[in-house]
Structure formats: C-alpha cells, structure tokens
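Peer 1: I'd like to ask some things about the structure below.
In the working numbering, the protein residues as written are 36 to 92.
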C-alpha cells in the first residue's frame with residue numbers, strides 16, 4: 036500500500052470538485068443571512084452608543 040500515490044489536483048480542471056462538497060444552492064443563502072444578522076447587530080450597537088455615534092448624544 037505504500038506504493039499507491041494520490042493524484043495531485045490539476046487546477047483549474049479540478050476546481051469543480053469543491054462544489055460537490057460545498058454546494059452553493061444549499062449553503063449560500065444561510066451564510067448570507069448570518070452575515071446580514073451580524074451586520075445588523077454591529078450597526079445597532081454602534082448607532083445606539085454615544086461613544087461611537089456623535090448623533091446619538
């Protein structure tokens with residue numbers, strides 16, 4: 036078994052293989068929703084604090 040070699044990837048011909056593991060139809064929208072929630076949380080903290088927002092106080 037020591038003489039068996041794993042073939043090296045040939046880029047960009049083998050780039051399609053990542054999408055068989057990380058399919059964007061499944062993962063893209065949940066990731067974007069999480070990013071949106073994080074952005075909204077950060078903006079609400081920054082805009083609600085007088086330390087970071089000169090309009091708040």
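C-beta atoms are modelled at their ideal positions from N, C-alpha and C, and glycine is treated no differently.
#1: Excluding sequence positions up to five away, which residues of its chain have a Cβ less than 7 Å from the Cβ of residue 87?
#2: Where do the ends of the alpha helix (DSSP H) carrying residue 90 lie?
#3: So the alpha helix (DSSP H) residue 65 belongs to, where does it begin and stop?
Peer 2: Result, derived from the coordinates:
#1: 81
#2: First-last for residue 90: undefined, no H or E at that position.
#3: 59-83
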